[in-house]
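Down below is the structure, laid out as structure tokens.
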């Protein structure tokens with residue numbers, strides 16, 4: 001048996017139960033927004049009167065406000081007022097709909113305050129969870145995000161079977177539970193040294209945001225009619241699309257992340273979107289429903305990649321997660337522009353019967369060109385988004401310089417991707433148990449990786465490893 005084969009992580013699904021499950025609290029909000037705005041199954045008179053667009057506008061406005069004030073608000077998870085504020089805002093939003101069902105005359109005066117409360121509370125809760133996730137290692141972020149997506153969809157499907165009077169009570173309670181789990185995750189499971197600090201750094205990966213906006217625009221344009229006809233199939237919240245995407249992400253993290261690094265997958269969403277726009281409709285495989293499913297799945301997976309990159313940037317460079325994710329959340333308005341464009345073009349009847357085909361070809365061409373020019377292999381390989389920041393060596397902090405030295409040593413020593421991750425964690429001073437926890441592997445596997453690293457580099461102790469890394473500087 002080769003060293004590499006012997007060092008493969010042996011993971012059991014049972015070990016998930018040993019992980020802090022409070023980090024899955026974000027799934028509660030995903031279920032809440034699905035049942036409150038995206039795809040409600042019981043009367044929500046206040047939300048219906050305000051409209052989903054109004055809610056998204058308030059959410060985006062609050063998110064960008066928090067982003068602009070990030071240097072003062074960070075760390076948001078360290079502010080005691082934020083947890084009861086979220087519970088009150090989102091609880092009031094859900095309670096307003098309950099009141100409007102019981103007393104219809106209260107609907108009109110509740111529309112504005114309930115929409116403002118729902119959008120503001122959602123923005124705070126989303127940014128709170130993103131800030132907490134940015135404190136974790138990449139493998140843990142990917143795993144928790146995948147489980148959050150899966151859990152949110154399953155919880156939504158479960159709650160859809162509740163009687164209305166019980167469902168209203170659940171919708172009032174879900175935000176409070178999510179905020180409580182966020183508080184527990186931050187206070188009990190994130191060491192003080194890993195918690196974010198106030199930062200005035202303004203390093204923003206605009207290229208990622210540009211591509212994400214483009215993908216959102218194309219997906220919403222191409223699937224506008226299908227998502228209206230099949231709301232439980234296509235969509236960004238708790239739908240079958242997000243469930244499949246969450247399962248794919250989980251399988252990659254749990255089984256293939258050590259052999260298939262993220263840098264090899266960054267163009268997969270673009271391929272899925274192009275298949276959905278052109279190849280699937282061209283060959284008539286399932287019609288427009290299958291095409292829209294592929295397109296929506298591609299956007300969902302790219303959203304997951306963006307979350308991983310932004311968390312890595314926040315953790316590695318000390319950039320505020322509130323700044324990065326506050327900007328990212330404003331892009332949800334782009335999907336409304338895509339749907340509006342689709343409706344406008346349908347009314348105008350441009351290109352006649354060839355309109356959809358012309359639009360698909362144009363979209364594929366734009367996506368292919370932008371993806372090739374912006375997401376090139378050289379930039380992606382520079383350690384998860386470093387090149388997107390346009391940083392110079394004089395601007396890099398100690399952690400990023402250490403990462404570069406580890407990457408150089410790993411390349412010269414022909415270490416595997418997993419061994420490279422272990423090397424960096426050892427260089428940061430992590431114990432073997434800390435390495436195992438960070439990478440979600442057994443401690444014996446971490447020890448085997450460490451032994452193989454020492455053999456390949458021709459050293460015997462961690463001090464010799466640190467001396468080798470210092471020599472690289």
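Numbering (full-length UniProt numbering), first residue to last: 1 to 473. Using N, Cα and C, we set each Cβ at its ideal position, and we do this for glycine too. Given the structure is predicted, the values throughout are model-derived calculations rather than measurements.
Check, Outcome
"Straight-line Cα distance separating residue 312 from residue 471", "26 Å"
"Separation of residue 238 from residue 44, as counted between CA atoms", "17 Å"
"Spatially closest choice to residue 271 from 84, 297, 249 and 254, by CA coordinates", "297"
"Separation of residue 37 from residue 487, as counted between CA atoms", "Residue 487 falls outside the range modelled here, since the chain spans only 1 to 473, and no answer is possible."
"Whole-angstrom C-beta distance between residue 129 and residue 26, which should lie under 8 Å", "4 Å"
"Reference residue 486; option with closest CA among 58, 21 and 75", "The shown model of the chain, from 1 to 473, leaves out residue 486, and the question about it has no answer."
"Within 8 Å, strictly: CB atoms of residue 474 and residue 143", "No answer is possible for residue 474: the residues shown for the chain start at 1 and end at 473."
"Meets three-Cβ-pair contact criterion under 8 Å: the segment 109-129 and the segment 65-79", "yes"
"Under the three-state DSSP convention, the category residue 135 falls into", "coil"
"Contained alpha helix (DSSP H) runs [length at least 4] in the segment 123-192, N- to C-terminal order", "138-159 and 164-189"
"Classification of residue 451 by the beta-carbon crowding that lies within 10 angstroms, buried from 16 upward", "exposed"
"Where the alpha helix (DSSP H) through residue 45 begins and ends", "45-50"
"Three CB pairs or more closer than 8 Å across the segment 160-179 and the segment 85-101", "yes"
"Three-way DSSP call (helix, strand, coil) for residue 242 in this model", "helix"
"Residue 469 versus residue 193 - alpha carbon distance", "22 Å"
"Segment contact flag, the segment 138-152 with the segment 105-120, C-beta cutoff 8 Å, min 3 pairs", "no"
"Contacts around residue 422, its chain only, beta-carbon distance under 8 Å, and the 5 residues preceding and following it disregarded", "435, 439, 446, 449, 450 and 453"
"Member of 321, 316 and 221 whose CA lies at the smallest distance from the CA of residue 276", "221"
"Under the three-state DSSP convention, the category residue 288 falls into", "helix"
"Distance CB(residue 316)-CB(residue 403) smaller than 8 Å", "yes"
"Cβ-based burial, residue 457 [other Cβ within 10 Å; buried from 16]", "buried"
"Integer-rounded CB distance, given that residue 329 should sit under 8 Å from residue 96", "The pair is not a contact, with the Cβ atoms about 23 Å apart (cut-off 8 Å)."
"DSSP-derived helix/strand/coil call for residue 335", "helix"
"Residues near residue 197 by beta carbon distance below 8 Å, same chain, minus five either side", "74, 75 and 318"
"Alpha-carbon to alpha-carbon, residue 431 and residue 185", "21 Å"
"Contained alpha helix (DSSP H) runs [length at least 4] in the UniProt domain \"HTH luxR-type\" (408-473), N- to C-terminal order", "417-427, 432-439, 443-457 and 462-472"
"Beta carbon of residue 70 nearer than 8 Å to that of residue 320", "yes"
"Cα-Cα separation between residue 28 and residue 209, rounded to whole angstroms", "26 Å"
"C-beta contact flag for residue 301 and residue 325 at 8 Å", "no"
"Coil, strand or helix - residue 206 by DSSP", "helix"
"Buried versus exposed call for residue 205 [16 or more other C-beta atoms within 10 Å across all chains shown]", "buried"
"Cβ-Cβ separation, residue 118 to residue 55 (assumed contact under 8 Å), whole Å", "6 Å"
"Distance between beta carbons of residue 246 and residue 150, contact taken as under 8 Å", "4 Å"
"Residue 273 versus residue 72 - alpha carbon distance", "39 Å"
"Counted within 10 angstroms of its Cβ, other Cβ atoms place residue 216 as buried (16 or more) or exposed", "buried"
"Local conformation of residue 107 per DSSP, three classes", "helix"
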